[in-house]
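**Q**
Number of protein chains: 2
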Amino acid sequence: MITRRDMLLASGGIMIAGGTLTSSTAVADEAKELFFHSTTPNNAEPKLDDLVKSWITPTKHFYVRSHAPNPVIDPKDFQLKVEGMVNRPSSLSLKSLERFKTRSTTATLTCAGNRRSEYNAEGKVGGVQWQSGAIGNATWQGVALADVLKEAELTPDAKHVWFEGLDEIEKGGGIIPFGGSIPIAKAMIASGAGAPLLANSMNGAALTPDHGFPLRTLVPGYIGARSVKWLGRIVVSDRPSPNHYVATAYKIVKKTDPIDWTESGPIYRYPINAAICTPNANTNTKLSTGEIDLSGYVLPTGRPGSTVKKVLVSADQGKRWTEATMVGKDNEFCWQLWNAKVKVTAGTKRLIVRALDTSGGFMPYRVPWNAKGYLQNSWYQLPVQVN
Amino acid sequence: MITRRDMLLASGGIMIAGGTLTSSTAVADEAKELFFHSTTPNNAEPKLDDLVKSWITPTKHFYVRSHAPNPVIDPKDFQLKVEGMVNRPSSLSLKSLERFKTRSTTATLTCAGNRRSEYNAEGKVGGVQWQSGAIGNATWQGVALADVLKEAELTPDAKHVWFEGLDEIEKGGGIIPFGGSIPIAKAMIASGAGAPLLANSMNGAALTPDHGFPLRTLVPGYIGARSVKWLGRIVVSDRPSPNHYVATAYKIVKKTDPIDWTESGPIYRYPINAAICTPNANTNTKLSTGEIDLSGYVLPTGRPGSTVKKVLVSADQGKRWTEATMVGKDNEFCWQLWNAKVKVTAGTKRLIVRALDTSGGFMPYRVPWNAKGYLQNSWYQLPVQVN
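Taken in order, these protein sequences are the chains called W and L.
Following this note's numbering, the residues of the first sequence are numbered contiguously, the last one being 612.
Following this note's numbering, the residues of the second sequence are numbered contiguously, the last one being 612.
Quick look at the structure:
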């Protein structure tokens, strides 16, 4: 854990002799670096050329996904409740979390709705209209969720762990927190790159308000929605959380009706995915004929033992494929950046990237439409105009 | 409902003056018409040319999927228990079920593992090694599950309905029944082609022992596993059944480990699917060049409002596609048979069929491998040798 003093410095609301309050202004600076889909709550993604400038995504270029305005939390008063199917329920201050071993991990987070807007060609999908920037790779520090759960002593029926945020979301005429849920077997991984953290630090600094200050979960290999920000409560249970964002939202459904919600389980993992980030103007990318440089990202599926096998690009509708070269650590839970050269001709209508992983996973030509527009990982096809 | 006397006649174990006991010998005759993957329990599928002889599949050509030897049930003693989140739990004899309105429906059942063996090219999958015959279309008669549940009066928390068979499956050192589970919103559909039945009749006769005598569920539009045979108990609950065949088996998983089982929800629906049935020798189909006749089946996804849009066949690796003509009722819950002519050349390596539905569903070129080999609906590719 970073210390409580660091946290107080970062809270932006408490003067400490000798401390410099930078977080509020830093947030304002960051805002300029992102494209905001909405500001109440904050939902924003970076420009794609910014996104591939470094393997570690600077916090200012890290997408923001929130369901309510950022809660204002005084770290002095903060308490994390640990409840449910445990023999020793507790309420933990930030100070008391410091007694657990500090762990850090580098992991990519991606929104289940990344690339959602591509579904609209087939039928309008609701939600934040993400392009392909709802992804980022950061270094996270905190304590292992498993260490906290071990101290709480799970009862034998424990099968799932719920997370509840301190945010306040207006929903169905009431106020609910954002909630997540993960299987107990995942929660109890205490070490290694796949271990879920209770993180208070991102890229070496205290979490910003947009990223969950003072504490969030960080679940490597799972969709971003399971990495609950502004974490206030952990509940151990024999079933997944009944919170709206587990029981209803974040599911693959054809229609948003009661049968479909109940038939479909919560999404936990994401499939292998990739995008072209440069050149990329999203809708009107102009190119000259000849060999050009492409770059982008590729994210393996977040499953232990499964990494990226290859990334392939094409400028001729898939007749010929060129293998890209990788940049960054080859890891199950992190993206890699890639570079490739392709020959653009007068007949080039689009640039395409697809990727394969080492466990047989692949980006398909087309993904069946779903009503909420999740898990879009079809071939990434960038329309271009060639002069 | 067919009457109790009909049922007694069909039970095969009880002599009645004037009755002719045909069911035991009928089962023996049927056995010759199917290819048995196993006999204890019975798991069998028809030859593909038999399968497409008629839109209604004769019981003798209907695939059999069992997890334990057929239980021997005396219909005189039979009781169906209705329990759980209901105000009026009950135990219903076959006679007492006759007070509910008789309903009949024609619906296709298909095993979630149909076409499983095709996954083996990529990696061995466990379970019955189904070819493409684990599908059939029959007329079912019985009472609406919804009518029985209405009489039992659901409590407000009711969200799922569990089914339990009277079979006895050895599992993990103990004996368990086969179990299924469906969402309450599906269970409460009382009429129309999608209404789940408690069926005691198949194709105008009492259920055979292989098909669940004396009573089974029939859930149109869901994988066959939810149509529980030898039904003995219905439990209304706020969650899906904890039975092994809901909580663990019949899920899409990459590995059979605890995290994967918990991450994945039960399969309810199947995607659009099709196969070539004639000519088809599965592995060594010999053809001469020239125009040939193809036939097969196509099953839409079992979702209200979604029917088959088109079936396309190709003899040249997908360069050209010929649209097939349909035979049989165009219905969300029933297959159709199809016919097409394609030109076979010396270069023809395989015949391919794919299909599209009216809600944007399609058979993909390839389906990601899963450890249990479920929901294989990639392009059906039949290798052929051309003389």
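Idealized CB from N, CA, C, for every residue including glycine.
Any idea if VAL609(W) is buried or exposed, counting beta-carbon neighbours within 10 angstroms, 16 or more meaning buried?
**A** Its Cβ being crowded by 16 or more others within 10 Å, VAL609(W) is buried.
**Q** From which residue to which residue does the beta strand (DSSP E) around VAL373(L) run?
**A** Per DSSP, VAL373(L) belongs to no beta strand (DSSP E); it is in the alpha helix (DSSP H), 370-377.
**Q** Provide the residue(s) that pair with MET427(W) in DSSP beta bridges, ordered along the chain.
**A** MET427(W) pairs with TRP365(W) and ALA430(W).
**Q** Judging by CA-CA distance, which residue of SER426(W), VAL453(W), ASP372(W) and ARG464(W) is the nearest neighbour of ALA420(W)?
**A** Out of SER426(W), VAL453(W), ASP372(W) and ARG464(W), ASP372(W) has the C-alpha closest to the C-alpha of ALA420(W).
**Q** If distances are taken between C-alpha atoms only, which option among ILE501(W), GLY404(W), CYS502(W) and ILE281(W) comes closest to HIS469(W)?
**A** Of ILE501(W), GLY404(W), CYS502(W) and ILE281(W), the residue nearest in Cα terms is GLY404(W).
**Q** Alpha carbon to alpha carbon, how far is VAL471(L) from ARG528(L)?
**A** Between VAL471(L) and ARG528(L), the C-alpha separation is close to 20 Å.
**Q** Quick check: is the beta carbon of GLY585(W) nearer than 8 Å to any beta carbon in chain L?
**A** With 8 Å as the cut-off, GLY585(W) counts as an interface residue toward chain L.
**Q** Is TYR590(L) helix, strand or coil by DSSP?
**A** Note: TYR590(L) maps to coil in three-state DSSP.
**Q** Leaving out five residues before and five after ASP518(L) in sequence, what residues of the same chain have Cβ atoms less than 8 Å from its Cβ?
**A** The residues are THR503, ASN564, ALA565 and LYS566.
**Q** For TYR462(L) versus GLY309(L), is the C-beta distance shorter than 8 Å?
**A** The question names Tyr, but residue 462(L) is Ser in the sequence shown. Yes; because the gap between Cβ atoms is below 8 Å, this pair is in contact.
**Q** Within this structure, are the beta carbons of ASN605(W) and VAL578(W) separated by less than 8 Å?
**A** It is Tyr, not Asn, that sits at residue 605(W) in the sequence shown. Contact flag set, yes.
**Q** For LEU600(W) and PRO266(L), what's the separation of their Cα atoms in angstroms?
**A** In a straight line, the C-alpha of LEU600(W) is about 39 Å away from that of PRO266(L).
**Q** Note down the Cα distance separating VAL523(L) from GLY358(L), rounded to an integer number of angstroms.
**A** Cα to Cα, the separation comes out at about 12 Å.
**Q** CB ALA431(L) to CB PHE438(L), shorter than 8 Å?
**A** In contact: ALA431(L) and PHE438(L) (Cβ atoms closer than 8 Å).
**Q** Tell me which residues share the same chain as GLY543(L) and place their Cβ nearer than 7 Å to its Cβ, disregarding the 5 neighbours each side in the sequence.
**A** Within the same chain, GLY543(L) has close Cβ partners ILE577.
**Q** In chain W, which residues lie less than 8 Å from GLY429(L) when you measure between Cβ atoms?
**A** None at all; the shortest Cβ gap to chain W is about 30 Å.
**Q** Quick check on this structure: which residue in LEU273(W), ALA293(W) and LEU374(W) has the alpha carbon closest to the alpha carbon of VAL460(W)?
**A** Checked all of LEU273(W), ALA293(W) and LEU374(W); the closest Cα to VAL460(W) is LEU374(W).
**Q** By the 10 Å Cβ neighbour count, where 16 or more other Cβ atoms means buried, how is LYS301(L) classified, buried or exposed?
**A** So LYS301(L) counts as exposed.
**Q** Counting Cβ pairs closer than 8 Å, one from the stretch 407-415 of chain W and one from the stretch 344-354 of chain W, do we hit at least three?
**A** At 8 Å Cβ cutoff, the stretches do not touch.
**Q** At least one CB of chain B closer than 8 Å to the CB of ILE484(L): is that the case?
**A** Here chain B cannot be found, since the structure's protein chains are W and L.
**Q** Which chain L residues are close to TRP594(W), counting only those with a beta carbon under 8 Å from its beta carbon?
**A** Per Cβ cutoff of 8 Å: GLY585.
**Q** With respect to the alpha helix (DSSP H) encompassing ALA472(W), which residues constitute its N-terminal and C-terminal limits?
**A** Its alpha helix (DSSP H) spans residues 469-472.
**Q** Short of 9 Å Cβ to Cβ, which residues in the stretch 326-352 of chain L face chain W?
**A** Those residues of the stretch 326-352 of chain L that come within reach of chain W (Cβ to Cβ, closer than 9 Å) are GLU347 and GLY348.
**Q** Got a sec: is the Cβ-Cβ distance from TYR198(W) to anything in chain L below 8 Å?
**A** No information on residue 198(W) is available, as it lies outside the stretch 226 to 612 that chain W covers here.
**Q** How big is the Cα-Cα spacing for PHE260(W) and TRP486(W)?
**A** If I take the Cα positions, the gap works out to 31 Å.
**Q** Under 8 Å, with one C-beta from each stretch per pair, do the stretch 325-340 of chain W and the stretch 360-369 of chain W reach the 3-pair mark?
**A** Yes, the stretch 325-340 of chain W is in contact with the stretch 360-369 of chain W.
**Q** Is there a Cβ of chain L sitting closer than 8 Å to that of PRO445(W), yes or no?
**A** No - not a single Cβ of chain L is within 8 Å of the one on PRO445(W).
**Q** Whole angstroms are fine: how far does the CA of LEU537(L) sit from the CA of ALA549(L)?
**A** Going by the C-alpha atoms only, they are around 6 Å apart.
**Q** Answer yes or no: do GLY449(L) and LEU276(L) have a C-beta to C-beta separation smaller than 8 Å?
**A** Contact: no.
**Q** Cβ closer than 8 Å: which chain L residues qualify as neighbours of GLU323(W)?
**A** Those within 8 Å of GLU323(W) in chain L number zero; the least Cβ separation is about 29 Å.
**Q** So which of SER489(W), ARG494(W) and PRO408(W) has the shortest CA-CA distance to ILE492(L)?
**A** Nearest option by C-alpha distance: SER489(W).
**Q** So GLU389(L) and ILE400(L) are supposed to be a Cβ contact under 8 Å. How far apart are they, rounded?
**A** Rounded, the Cβ-Cβ distance is 13 Å, inconsistent with contact.
**Q** Could you spell out where the alpha helix (DSSP H) holding LYS349(L) opens and where it closes?
**A** Unbroken run through LYS349(L): none, as it is neither H nor E.
**Q** Using a Cβ cut-off of 8 Å (strictly closer), state whether LYS384(L) contacts chain W.
**A** Yes, contact with chain W.
**Q** Taking TYR495(L) and THR526(L) to be in contact with their CB atoms under 8 Å, please state how far apart those CB atoms are, rounded to whole angstroms.
**A** The Cβ separation is near 7 Å, so the contact holds.
**Q** Let me know if GLN304(W) comes out buried or exposed under the rule of 16 or more other beta-carbons within 10 Å of its beta-carbon.
**A** Classification for GLN304(W): exposed.
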